[in-house]
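Asks: Protein chains in written order, with the UniProt record's numbering: chain X, 1 to 230; chain Z, 1 to 230; chain V, 1 to 230; chain D, 1 to 230.
Sharing a structure below in structure tokens format, with a few things to ask.
Number of protein chains: 4
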Amino acid sequence: MKQLREQVLEANLEVVRRGLVLYTFGNVSGISRDDNLVVIKPSGVPYERMKADDLVVTDLEGKVVWGELRPSSDLDTHIHLYKAFPEIGGVVHTHSEYAVAWAQAGRPIPALGTTHADYFYGPVPVTRELTADEIKNDYVRATGVAIAEAFGNRDPMEVPAALVAGHGPFAWGRTPDDAVHNAVVLEAVARMAMYTFSLQPNAQGVSQALLDRHYFRKHGAAATYGQSEK
Amino acid sequence: MKQLREQVLEANLEVVRRGLVLYTFGNVSGISRDDNLVVIKPSGVPYERMKADDLVVTDLEGKVVWGELRPSSDLDTHIHLYKAFPEIGGVVHTHSEYAVAWAQAGRPIPALGTTHADYFYGPVPVTRELTADEIKNDYVRATGVAIAEAFGNRDPMEVPAALVAGHGPFAWGRTPDDAVHNAVVLEAVARMAMYTFSLQPNAQGVSQALLDRHYFRKHGAAATYGQSEK
Amino acid sequence: MKQLREQVLEANLEVVRRGLVLYTFGNVSGISRDDNLVVIKPSGVPYERMKADDLVVTDLEGKVVWGELRPSSDLDTHIHLYKAFPEIGGVVHTHSEYAVAWAQAGRPIPALGTTHADYFYGPVPVTRELTADEIKNDYVRATGVAIAEAFGNRDPMEVPAALVAGHGPFAWGRTPDDAVHNAVVLEAVARMAMYTFSLQPNAQGVSQALLDRHYFRKHGAAATYGQSEK
Amino acid sequence: MKQLREQVLEANLEVVRRGLVLYTFGNVSGISRDDNLVVIKPSGVPYERMKADDLVVTDLEGKVVWGELRPSSDLDTHIHLYKAFPEIGGVVHTHSEYAVAWAQAGRPIPALGTTHADYFYGPVPVTRELTADEIKNDYVRATGVAIAEAFGNRDPMEVPAALVAGHGPFAWGRTPDDAVHNAVVLEAVARMAMYTFSLQPNAQGVSQALLDRHYFRKHGAAATYGQSEK
């Protein structure tokens with residue numbers, strides 16, 4: 001788990017370098033699917049003095065199995081996402097400001113252009129609001145449940161992010177680092193989408209053909225972007 | 001008072017590092033409740049050459065009891081807040097641009113999401129406009145009076161900030177450092193709220209249940225965020 | 001004139017540090033009233049390799065009396081302002097983006113708050129559009145004429161800036177450094193005013209009493225801001 | 001070609017320094033008209049470790065004639081622009097956020113002020129949408145075709161940029177460095193134009209006289225801006 005702790009630490013620090021968080025907001029986790037163990041940021045520890053050994057290891061019931069500190073208060077959302085989305089290896093939650101604005105507005109982010117289509121194969125969904133009961137009794141896990149519900153049968157790897165209504169974005173990926181990369185692009189996409197609606201309130205978004213072209217240029221067996229790995 | 005002067009200096013410099021002020025705008029103070037003495041930034045001195053010994057110590061009538069320089073021209077607002085809100089230990093005033101925009105618009109900032117709810121238990125109020133008489137005769141103190149009025153019987157620690165109509169934000173906290181932390185989050189919240197209304201002009205804000213859940217997660221006896229102190 | 005060249009160089013560099021210009025856009029000048037000589041930035045020279053000796057000295061007819069380089073293409077506007085406004089000692093022109101937006105919108109910036117009132121005693125005016133004849137025959141000087149016209153009998157030191165319609169801001173002050181300081185605050189005021197109208201399309205601005213209180217707190221015989229000079 | 005590879009590398013890095021790209025987005029190319037060879041950024045290589053030898057040289061059919069890496073996936077658009085616009089020596093594509101917003105909104109950027117007029121002699125056009133057939137069969141080249149179509153008989157050196165609908169900006173110039181300079185100004189112009197419409201939804205833009213005055217001040221035989229070359 002030492003290597004995963006290093007990766008998760010690095011991914012947490014990358015979130016800061018990319019300007020997605022303020023103070024101790026935000027958290028990144030990673031999972032070892034072999035061990036069914038999750039590594040997550042500790043709660044409320046300043047990023048500038050966080051070390052790999054401060055990260056917390058828990059099982060899939062949220063029990064701490066390694067580490068001195070209390071895990072992020074969002075742990076149960078992360079765990080639910082790992083259970084609901086078996087393909088993912090990393091989860092990130094931020095309060096990045098433009099994605100939060102869409103979440104607060106309760107609007108999904110439509111695919112308005114090719115930057116979006118390069119990463120998200122369709123709108124980034126926004127969850128339903130949680131009920132008062134869910135909020136009182138099982139808030140953090142219910143957040144994960146609402147995200148999974150928003151996907152239904154859609155493949156969560158095709159749109160690796162969601163907006164929690166009135167709260168903010170979660171993003172994910174094959175690794176913690178991937179998850180952060182998606183969160184960074186999500187924020188850029190959210191910003192450009194807001195600007196676009198300011199210029200064109202009836203913006204309709206890209207055609208299915210363009211969405212397909214760009215998404216599958218970067219994803220799937222026929223991807224052509226980047227250098228082929230040798 | 002030397003330690004408080006150092007704290008207040010540091011809090012003033014933090015306001016600069018966080019990008020909340022331009023030139024010599026803004027000011028932070030702290031109070032020693034034991035001594036009934038206030039430490040405040042001097043008026044119009046550039047932050048980059050401000051030293052702890054440049055800070056001014058006054059009593060609660062605004063009389064300088066230590067220091068060579070003239071205190072911030074906003075001193076009487078700070079003093080009134082210390083009198084009206086006995087729990088607070090630090091006050092900060094900035095012209096941070098998004099909070100100013102809400103103040104200039106004369107609109108309170110509603111609790112549109114959980115970032116807000118983590119820090120402010122309800123809308124951040126905007127004061128009434130001052131009368132011409134108040135402005136002419138007792139402007140600076142009247143600003144503090146209007147802030148206190150905007151709270152009525154509400155607990156000023158539950159919403160540790162206010163917008164002075166046509167002017168800008170004041171924030172406070174248990175310490176000068178806390179006050180600045182709240183001012184930084186206020187600016188982020190103001191920015192995200194403006195973006196949200198641009199996307200959704202009828203945004204309604206979070207439910208009481210969500211407001212409770214987030215606020216009391218970080219505040220009060222049952223708080224669960226961060227590491228328990230040992 | 002060596003000292004003035006140093007001051008004008010420094011003021012030009014400050015414009016860059018404050019983020020008001022891109023590439024070689026923008027220019028600052030200063031005047032020696034004793035000699036009736038103007039020092040101005042050369043045209044199209046990158047700021048990062050500009051030296052005091054690159055600055056150009058001209059008389060009030062725009063004739064170069066010292067220096068190897070061609071003066072800023074906006075020279076005649078500067079000269080007209082020095083003639084029309086005898087109290088000023090420095091002029092700056094930028095394409096700072098929010099002030100440009102107001103200029104392009106053809107709207108004066110109303111006094112919406114105390115940041116504005118601390119520096120500008122009333123709206124920042126926008127010029128009329130120039131006629132096709134003026135543009136063809138005497139464009140640069142006519143720009144200065146239109147600015148002076150926009151002031152009529154108002155004191156240009158009370159509102160030390162104007163927006164040239166479809167173009168951008170000019171600001172001025174007692175010294176080149178003062179002029180730049182006013183240009184920096186103008187940009188902040190322009191930004192906050194745009195945000196304010198986004199939140200409140202019918203924003204009315206500050207009362208006369210508040211405008212008086214703030215403006216005369218920093219200006220005139222009864223000013224109380226800052227440290228008294230000894 | 002070594003010198004051109006160095007120039008194209010430098011132009012790619014300038015795009016990063018100017019904040020126009022995220023991750024490996026964006027690409028700059030240059031052409032040697034003598035050799036009919038194009039130098040372009042490799043696909044998906046991080047800017048921070050790109051070296052001149054990583055750049056790819058292709059002929060005008062897109063065949064790699066030098067280099068180990070796969071060329072930018074946008075290569076065929078660049079090549080089409082070099083064929084359609086014989087005067088140009090460099091092309092740049094970015095996802096700079098304000099230009100993208102206009103592209104996503106499907107709106108050309110009108111000439112609202114003199115910053116625009118200094119660089120673009122009229123509106124920056126937006127292409128028609130590509131057909132589903134074009135997108136499926138010959139997407140990258142068709143993007144170049146649509147850009148050339150948007151110019152018709154207009155001189156592409158007079159408006160050295162276009163917005164691809166639902167995608168983002170392409171810019172060009174006499175050299176790769178020029179192309180990037182134009183892309184940087186385009187982004188500033190796009191940003192100021194968005195602000196302007198927020199303040200004035202019916203903004204009409206500059207007169208023909210002002211457009212002429214500013215454009216020809218910087219371009220053509222009678223240009224007066226900058227230092228004459230000796």
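Note that the Cβ used here is the ideal one computed from N, Cα and C, for glycine as well.
1. Taking Cβ-Cβ distances shorter than 9 Å, what residues in chain X pair up with residue 210/Z?
2. Quick check: the Cα distance between residue 34/V and residue 226/V, rounded to an integer number of angstroms?
3. Near residue 65/Z, what residues of its chain come up, given a Cβ to Cβ distance below 7 Å and the 5 sequence neighbours on each side ignored?
4. Thinking C-beta only, is residue 162/X closer than 8 Å to residue 189/X?
5. Enumerate, from N- to C-terminal direction, the unbroken alpha helix (DSSP H) stretches of 4 or more residues contained entirely within the stretch 1 to 28 of chain D.
6. To the nearest angstrom, how far is it from the Cα of residue 229/Z to the Cα of residue 121/Z?
7. Over what stretch of residues does the beta strand (DSSP E) that includes residue 101/D continue unbroken?
8. Are the beta-carbon atoms belonging to residue 192/V and residue 131/V less than 8 Å from one another?
9. Quick check: is the beta carbon of residue 94/Z nearer than 8 Å to any beta carbon in chain X?
10. If I measure Cβ to Cβ from residue 196/X and keep anything under 7 Å in the same chain, skipping five residues before and after, which residues do I get?
11. Would you check if the distance between the CB atom of residue 73/X and the CB atom of residue 43/X is smaller than 8 Å?
12. Which of the three DSSP states, helix, strand or coil, is assigned to residue 88/X?
13. Unbroken beta strand (DSSP E) runs of length 3 or more, entirely within the stretch 135 to 213 of chain D: which are they?
14. With burial defined as no fewer than 16 other Cβ atoms inside 10 Å of the residue's Cβ, what is the status of residue 86/V: buried or exposed?
15. Distance cutoff 8 Å, beta carbons only. Does residue 206/Z sit that close to anything in chain X?
16. Check for me: the alpha helix (DSSP H) holding residue 114/D runs from which residue to which?
17. Kindly list, in the order they appear in chain V, the residues whose Cβ is closer than 8 Å to that of residue 60/D.
18. When the Cα of residue 100/X is compared with those of 138/X, 26/X, 142/X and 16/X, which residue comes out closest?
19. Which chain X residues sit within Cβ distance under 8 Å of residue 123/D?
20. Between residue 117/X and residue 214/X, how many whole angstroms is the CB-CB distance? I'm expecting something under 8 Å.
21. Is it buried or exposed for residue 255/X, if we count other Cβ within 10 angstroms and need 16 for buried?
22. Given this structure, state the Cα-to-Cα distance separating residue 137/V from residue 143/V, to the nearest angstrom.
23. For the beta strand (DSSP E) containing residue 59/Z, name the first residue and the last one.
24. With respect to the beta strand (DSSP E) encompassing residue 69/X, which residues constitute its N-terminal and C-terminal limits?
25. Within 10 angstroms of its Cβ, does residue 133/V collect 16 or more other Cβ (buried), or is it exposed?
26. Can you check which of these residues, 96/D, 3/D and 7/D, is closest to residue 16/D by C-alpha distance?
27. Output the boundary residues of the beta strand (DSSP E) element that contains residue 39/Z.
28. Taking residue 80/Z as the reference, which of 69/Z, 151/Z, 61/Z and 175/Z has the closest Cα?
29. Ordered along the chain, which non-local residues of its own chain (more than five positions away) have a Cβ less than 8 Å from that of residue 1/X?
30. Closest Cβ-Cβ distance between residue 97/Z and chain V: below 8 Å?
31. I want to verify the contact list: residues of chain D whose CB lies under 7 Å from the CB of residue 192/V, in sequence order.
32. Could you name the residues of chain D that residue 107/V contacts, counting a contact when the two beta carbons are closer than 8 Å?
33. Using the Cβ count rule (16 or more neighbours within 10 Å means buried), how would you classify residue 222/D?
34. What residues from chain V crowd round residue 113/D, counting only those whose CB sits closer than 8 Å?
35. Taking the Cβ atom as the reference point for each residue, do residue 19/V and residue 103/V lie within a distance shorter than 8 Å?
36. Our contact map puts residue 77/V next to residue 140/V with C-beta atoms below 8 Å; I'd like the distance itself, whole angstroms only.
Replies: Once the coordinates are examined:
1. Position 210 of the second sequence, counted from the first residue, corresponds to residue 210/Z. The contacting residues are 129, 130, 132, 135, 139, 166 and 167.
2. For this step, residue 34/V is matched to residue 34 along the third sequence. For this step, residue 226/V is matched to residue 226 along the third sequence. Taking the straight line joining both Cα atoms gives about 30 Å.
3. The residue given as residue 65/Z occupies position 65 in the second sequence. Cβ within range, chain order: 37, 57, 58 and 59.
4. Numbered from its first residue, the first sequence carries residue 189/X at position 189. Numbered from its first residue, the first sequence carries residue 162/X at position 162. Taking 8 Å as the Cβ cut-off, residue 189/X and residue 162/X do not qualify as a contacting pair.
5. 2 to 17
6. Mapped onto the second sequence, residue 229/Z falls at position 229. Mapped onto the second sequence, residue 121/Z falls at position 121. Model confidence at residue 229/Z stands at a pLDDT of 47, short of 50, so the residue's coordinates are unreliable; what they give is reported in the following sentence. Cα to Cα, the separation comes out at about 24 Å.
7. Looking up residue 101/D in the fourth sequence gives position 101. Premise fails: residue 101/D lies in the alpha helix (DSSP H), 97 to 105, not in any beta strand (DSSP E).
8. By one-based count along the third sequence, residue 192/V stands at place 192. By one-based count along the third sequence, residue 131/V stands at place 131. Not in contact: residue 192/V and residue 131/V (Cβ atoms no closer than 8 Å).
9. Reading the second sequence from its first residue, position 94 is the one you call residue 94/Z. Cβ-Cβ to chain X under 8 Å: no for residue 94/Z.
10. Here the question's residue 196/X lines up with position 196 in the first sequence. Counting only Cβ-Cβ distances below 7 Å, and skipping sequence neighbours, we find 112 and 203.
11. Working through the first sequence from its first residue, we reach residue 73/X at position 73. Working through the first sequence from its first residue, we reach residue 43/X at position 43. Yes, Cβ-Cβ distance for residue 73/X and residue 43/X is below 8 Å.
12. On the first sequence, residue 88/X is found 88 positions in, with the first residue counted as 1. Residue state, collapsed to three classes: coil.
13. 161 to 164 and 168 to 173
14. Within the third sequence, residue 86/V is the residue found at index 86, counting from 1. Burial call: exposed.
15. One-based indexing of the second sequence puts residue 206/Z at position 206. Yes, because at least one Cβ of chain X sits closer than 8 Å to the Cβ of residue 206/Z.
16. Position 114 of the fourth sequence, counted from the first residue, corresponds to residue 114/D. It spans 114 to 119 - the alpha helix (DSSP H) in which residue 114/D sits, taken as one unbroken run.
17. Mapped onto the fourth sequence, residue 60/D falls at position 60. Per Cβ cutoff of 8 Å: no residues; residue 60/D is ~32 Å from chain V at best.
18. By one-based count along the first sequence, residue 100/X stands at place 100. The candidate whose alpha carbon is nearest that of residue 100/X is 26/X.
19. The residue you call residue 123/D lines up with position 123 of the fourth sequence. What residue 123/D touches in chain X: nothing, since even the nearest Cβ is about 14 Å away.
20. In the first sequence, the residue the question calls residue 117/X occupies position 117. In the first sequence, the residue the question calls residue 214/X occupies position 214. Right, their Cβ atoms sit about 4 Å apart.
21. Because chain X spans 1 through 230 in this model, residue 255/X falls outside it and cannot be assessed.
22. The sequence position of residue 137/V within the third sequence is 137, counting from 1. The sequence position of residue 143/V within the third sequence is 143, counting from 1. Going from the Cα of residue 137/V to the Cα of residue 143/V covers about 12 Å.
23. Start at 1 with the first residue of the second sequence, and residue 59/Z comes out as number 59. Unbroken beta strand (DSSP E) run through residue 59/Z: 56 to 59.
24. Sequence index remark: in the first sequence, residue 69/X carries index 69 (1-based). Looking at the DSSP string, residue 69/X is not in any beta strand (DSSP E), and its letter there is neither H nor E.
25. Sequence index remark: in the third sequence, residue 133/V carries index 133 (1-based). The residue in question, residue 133/V, is exposed, as its Cβ has fewer than 16 Cβ neighbours within 10 Å.
26. Residue numbering aside, residue 16/D sits at position 16 when the fourth sequence is read from its first letter. Of the listed residues, the one whose Cα sits closest to residue 16/D is 96/D.
27. Start at 1 with the first residue of the second sequence, and residue 39/Z comes out as number 39. Counting along the chain, the beta strand (DSSP E) containing residue 39/Z begins and ends at 37 to 40.
28. By 1-based counting over the second sequence, the position of residue 80/Z is 80. Among 69/Z, 151/Z, 61/Z and 175/Z, the Cα nearest to that of residue 80/Z is on 61/Z.
29. In the first sequence, residue 1/X corresponds to position 1, counting from 1. Closer than 8 Å at Cβ, skipping near neighbours: 32, 35, 37, 39, 57 and 66.
30. Within the second sequence, residue 97/Z is the residue found at index 97, counting from 1. Taking Cβ atoms only, chain V reaches closer than 8 Å to residue 97/Z, which makes this a yes.
31. In the third sequence, residue 192/V corresponds to position 192, counting from 1. The premise fails here: residue 192/V is roughly 13 Å from chain D at the closest Cβ pair, so nothing lies under 7 Å.
32. In the third sequence, counting from the first residue as 1, residue 107/V sits at position 107. Near residue 107/V (Cβ distances below 8 Å), the residues of chain D are 199 and 200.
33. Here the question's residue 222/D lines up with position 222 in the fourth sequence. Residue 222/D comes out exposed.
34. Reading the fourth sequence from its first residue, position 113 is the one you call residue 113/D. Under the 8 Å cutoff, chain V gives 100, 103, 104, 166, 167 and 168.
35. Indexing the third sequence from 1 puts residue 19/V at position 19. Indexing the third sequence from 1 puts residue 103/V at position 103. In this structure, residue 103/V does not lie closer than 8 Å to residue 19/V by Cβ.
36. Reading the third sequence from its first residue, position 77 is the one you call residue 77/V. Reading the third sequence from its first residue, position 140 is the one you call residue 140/V. Going by Cβ atoms, the distance from residue 77/V to residue 140/V rounds to 5 Å, so yes, they are a contact pair.
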